[in-house]
Amino acid sequence: MPVIIGTAGHIDHGKTSLIRALTGQDTDRLKEEKERGISIDLGFAFFDAPGGERAGIVDVPGHERFIRNMLAGAHGMDLVLFTVAADDGVMPQTEEHLDILHLLGVRRGVFVITKSDLVDGARLAAVREEIEVLTLDTTLEGAPIVPVSTLTGEGLEALRGEIAALLAAPPGPPPPGYFRLPVDRAFVIHGHGVVVTGTAIAGAVEQGGTVRVLPGNETARVRSLEVHGVPVPRAGHGQRVAMNLVGVERTDLGRGHVV
Numbered sequence: 110m111p112v113i114i115g116t117a118g119h120i121d122h123g124k125t126s127l128i129r130a131l132t133g134q135d136t137d138r139l140k141e142e143k144e145r146g147i148s149i150d151l152g153f154a155f156f157d158a159p160g161g162e163r164a165g166i167v168d169v170p171g172h173e174r175f176i177r178n179m180l181a182g183a184h185g186m187d188l189v190l191f192t193v194a195a196d197d198g199v200m201p202q203t204e205e206h207l208d209i210l211h212l213l214g215v216r217r218g219v220f221v222i223t224k225s226d227l228v229d230g231a232r233l234a235a236v237r238e239e240i241e242v243l244t245l246d247t248t249l250e251g252a253p254i255v256p257v258s259t260l261t262g263e264g265l266e267a268l269r270g271e272i273a274a275l276l277a278a279p280p281g282p283p284p285p286g287y288f289r290l291p292v293d294r295a296f297v298i299h300g301h302g303v304v305v306t307g308t309a310i311a312g313a314v315e316q317g318g319t320v321r322v323l324p325g326n327e328t329a330r331v332r333s334l335e336v337h338g339v340p341v342p343r344a345g346h347g348q349r350v351a352m353n354l355v356g357v358e359r360t361d362l363g364r365g366h367v368v
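Be aware that the sequence shown starts at 110, since it is given in the working numbering, and climbs by one per residue.
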């Protein structure tokens, strides 16, 4: 079953750097993000598991001003990589992101103590204890904790092993019902028309099929589908999907709408 891996953690705790180290892909796509060195909107990548399955990745911003963008990416997570910087330890958005994931019922994850090269063993042990105390009585209590340095590469193989083990665990049954995709991006491609992207949270859709856009109740035809940039005839639950829609205007769609 397809899986979506998400990130969580306080601003500047190394979420985007971690994804870059794991995948070789840069999820900061906006000019302002590159200039300021922080994530503002959702970023996207993919992770190839040892078993051959390709998992989608949603990288969320950590700044408190962009918590709405974080929420837009968190709803479809099956597994979270939760970063806590070794030098800072637990911070306000660490706690806020954990509260959100707990309310959303995210139960699979790895806590990554980033920037491990900046501190000694005693500090790593202290941060590990902070995480263990913070996660008591949450859905992520008992999640593995892995120290990592994206600068030296130390800990990355151990982290890949933890991710692979979690991905190998038997998945729960897919949610019942019709195809549903909360929109996180909508744009126009010249010569093709309106394209929306999001994480499918239920059901499946086929090329040539008909969908409704809520809350406006507009009807659209699915001209084409892509998953991780690859054209597919069918897409569904647990996949990052791009849909080229016919019969709707860009003004009919935006973040917060559901297809």
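The C-beta atom is built at its ideal place from N, Cα and C for all residues, glycine as well.
Three-state secondary structure (DSSP) of P253: coil
Inter-stretch contact (C-beta, 8 Å, three-pair minimum) for the stretch 342 to 354 and the stretch 307 to 319: yes
Close-in-space but distant-in-sequence residues of the same chain around R145 (CB under 7 Å, 5 per side omitted): The predicted model places R145 with a pLDDT of 44, which falls under 50 and marks its position as unreliable, so this point remains unresolved.
Contacts around G286, its chain only, beta-carbon distance under 8 Å, and the 5 residues preceding and following it disregarded: A311, G312
Backbone CA spacing between V355 and T319 [nearest angstrom]: Whole-angstrom Cα-Cα distance: 9 Å.
Backbone secondary structure at H211 - three-state DSSP: Per DSSP, reduced to three states, the secondary structure at H211 is helical.
Per DSSP, the bridge partner or partners of M352: DSSP output for M352 lists V305, L334 as bridge partner(s).
Beta carbon of E327 nearer than 9 Å to that of V357: yes
Check whether L323 and V305 have beta carbons under 9 Å apart: no
Reduced DSSP category for T168 - H, G, I as helix; E, B as strand; rest coil: The sequence given here has Asp at residue 168, not Thr. Strand.
H184 versus L213 - alpha carbon distance: Rounded to the nearest angstrom, the two C-alpha atoms are 7 Å apart.
Buried or exposed (CB count within 10 angstroms, at least 16 for buried), T223: buried
Among Q134, A252, D246, R237, the one whose alpha carbon lies nearest that of L188: A252
Buried or exposed (CB count within 10 angstroms, at least 16 for buried), L299: According to the sequence provided, residue 299 is His. The question's Leu does not apply to it. Burial call: exposed.
Extent of the continuous beta strand (DSSP E) run through A313: 313 to 315
Rounded separation between V257 and I209 - CA only: 24 Å
Environment of T261 [buried if 16+ CB atoms lie within 10 Å]: Counting C-beta atoms within 10 angstroms of its own C-beta, T261 has fewer than 16 neighbours from the protein chains shown and is therefore classed as exposed.
For I113, the residue or residues it bridges with in DSSP: G165
Pairwise C-alpha distance: T248 and S225: Answer to the nearest angstrom: the Cα atoms are 25 Å apart.
Stretch-stretch touch, CB-based, cutoff 8 Å, three pairs: the stretch 112 to 123 with the stretch 188 to 203: With a cut-off of 8 Å, the stretch 188 to 203 and the stretch 112 to 123 count as touching, because enough Cβ pairs lie within range.
Cβ-Cβ distance between F153 and A164 below 9 Å: no
Beta-bridge partners of A194, as assigned by DSSP: For A194, which the question treats as bridged, DSSP gives the partners T223.
Enclosing alpha helix (DSSP H) for R217 [first to last residue]: Taken as a continuous stretch (DSSP letters only), R217 belongs to no alpha helix (DSSP H), as it is neither H nor E.
I147 versus D168: straight-line alpha-carbon distance, rounded: Residue placement at I147 cannot be trusted, given a pLDDT of 44 that sits under 50; what the coordinates show is reported in the next sentence. Each residue's Cα considered, the two are about 12 Å apart.
Length of the line joining the Cα atoms of R359 and V236: 46 Å
Cβ shell of V368 (< 7 Å), same chain only, five flanking positions each side left out: Hits under 7 Å: L290, V292, V305, V320, V322, M352.
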